Ligand code: CTP
Ligand code: ZN
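Shown next as C-alpha cells:
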C-alpha cells in the first residue's frame with residue numbers, strides 16, 4: 130500500500146517531547162524560549178493522532194538537550210509528557226516529566242493587585258502546592274492558581 134501520510138521525520142540527535150496534551154506545543158516552545166531566532170531544526174506536530182488514545186502534540190528539537198530545570202517547567206503544562214533523548218537515531222534516555230517544587234519567572238501572578246504586577250520589576254515566584262492537578266501559590270500575595278489560569282499566565 131502506498132503511504133500517503135506525511136510523518137514527522139525521526140531525528141538523528143536531540144530531544145523529542147512526546148505526549149504533550151493536544152494544543153499545548155506552542156506553550157512548550159515558549160517555555161523553552163524557542164522563537165523565530167532558533168538556530169536548530171524544530172519540528173512541531175499539533176493535534177496528531179496518538180497511538181495510546183485520542184490526540185497529542187509533539188515537539189522535536191534537533192541538536193539540543195534539555196536541562197532538568199527545563200524539563201521541570203514543561204511538567205507545569207504537560208504533566209504526562211515524555212522527554213526522549215535521541216543519539217544517533219536511538220532513544221538513549223526517556224524521562225517522565227516531574228513538576229518542580231518551586232517556580233520563578235515562568236508564570237505571572239493572576240492577581241492584578243499582586244506586587245509582582247506593579248511597576249516594580251519583581252520576579253513572580255510560586256510554591257507548587259499540588260501536582261495532580263498542578264496547583265501553585267504566589268509567594269507574594271498567596272493567590273492560588275491552577276489549570277487554565279496557569280497556562281494563560283505563562284510568561
Ligand atoms: N523519535 C524520533 N526520532 C528518533 C527516535 C524516536 O523522532 N530517532 C520519536 C518517536 O517518533 C516517538 C518518540 O521519539 O514519538 C519516542 O520514541 P520511542 O520510545 O521509540 O517510541 P514509543 O515506544 O512509541 O514511545 P512511548 O512509549 O513513550 O510512547
Ligand atoms: Zn501574587
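Residue numbers (the numbering used here): 130 to 284.
Glycine included, C-beta positions come from ideal geometry on N, C-alpha and C.
In this text, all values refer to a predicted model and were calculated from it rather than measured experimentally.
Checklist entry - From residue 137 to residue 143, what does the alpha carbon distance come to, in whole angstroms? => result Numbered from its first residue, the chain shown carries residue 137 at position 8. Numbered from its first residue, the chain shown carries residue 143 at position 14. Spanning the two alpha carbons is a distance of roughly 14 Å.
Item to check | Coil, strand or helix - residue 165 by DSSP | outcome: Against the chain shown, residue 165 aligns to sequence position 36. Coil, per DSSP.
Next on the checklist: Quick check on DSSP: helix, strand or coil for residue 146?
Outcome noted: Indexing the chain shown from 1 puts residue 146 at position 17. Residue 146: strand per DSSP, three-state reduction.
Item to check | Assumed close pair residue 264, residue 254 - CB separation to whole angstroms, cut-off 8 Å | outcome: Stepping through the chain shown from its first residue, residue 264 is reached at position 135. Stepping through the chain shown from its first residue, residue 254 is reached at position 125. Actually they are not in contact, since the Cβ atoms of residue 264 and residue 254 sit about 15 Å apart, beyond 8 Å.
Next on the checklist: Please identify the residue among 197, 206, 152 and 171 whose C-alpha is closest to the C-alpha of residue 183.
Outcome noted: Here the question's residue 183 lines up with position 54 in the chain shown. It is 152 whose Cα lies nearest to the Cα of residue 183.
Item to check | alpha helix (DSSP H) segment containing residue 276, residue limits | outcome: Residue numbering aside, residue 276 sits at position 147 when the chain shown is read from its first letter. Residue 276 -> alpha helix (DSSP H) spans 276–281.
Checklist entry - Residues in its own chain within less than 7 Å of residue 210 by CB, not counting five upstream and five downstream? => result In the chain shown, residue 210 corresponds to position 81, counting from 1. Here the set comprises 146, 147, 148, 149, 203 and 226.
Item to check | Span of the beta strand (DSSP E), counted from its first residue to its last, around residue 221 | outcome: Locating residue 221 in the chain shown gives position 92, where the first residue counts as 1. Start and end: 219–225.
Checklist entry - Is it the case that the CB of residue 282 approaches a heavy atom of the ligand ZN more closely than 6 Å? => result Here the question's residue 282 lines up with position 153 in the chain shown. Result no, Cβ not under 6 Å from the ligand ZN.
Checklist entry - Among all residues, which have a Cβ less than 5 Å from at least one non-hydrogen atom of the ligand ZN, and in what chain order do they fall? => result 238, 240, 243, 267, 269, 270 and 272
Next on the checklist: I'd like to confirm something about residue 173: is its beta-carbon nearer than 6 Å to some heavy atom of the ligand CTP, or not?
Outcome noted: Position 44 of the chain shown, counting from 1, holds the residue named residue 173. Flag unset: Cβ of residue 173 not near the ligand CTP.
Item to check | Inter-residue Cα distance where the pair is residue 278 and residue 234 | outcome: As a first step, residue 278 is located in the chain shown; it is residue number 149 there, counting from the start. As a first step, residue 234 is located in the chain shown; it is residue number 105 there, counting from the start. Using only the alpha carbons, I get a separation of about 15 Å.
Next on the checklist: Suppose contacts are defined by Cβ-Cβ distances below 7 Å. Is residue 231 in contact with residue 256 by that definition?
Outcome noted: Taking the first residue of the chain shown as position 1, residue 231 is located at position 102. Taking the first residue of the chain shown as position 1, residue 256 is located at position 127. For residue 231 and residue 256, yes; Cβs fall inside 7 Å.
Checklist entry - Cα separation between residue 241 and residue 282? => result Working through the chain shown from its first residue, we reach residue 241 at position 112. Working through the chain shown from its first residue, we reach residue 282 at position 153. Cα to Cα, the separation comes out at about 12 Å.
Next on the checklist: Looking at the secondary structure, which residues open and close the beta strand (DSSP E) in which residue 190 lies?
Outcome noted: Here residue 190 refers to the residue found at position 61 of the chain shown. Looking at the DSSP string, the run of the beta strand (DSSP E) that includes residue 190 is 184–191.
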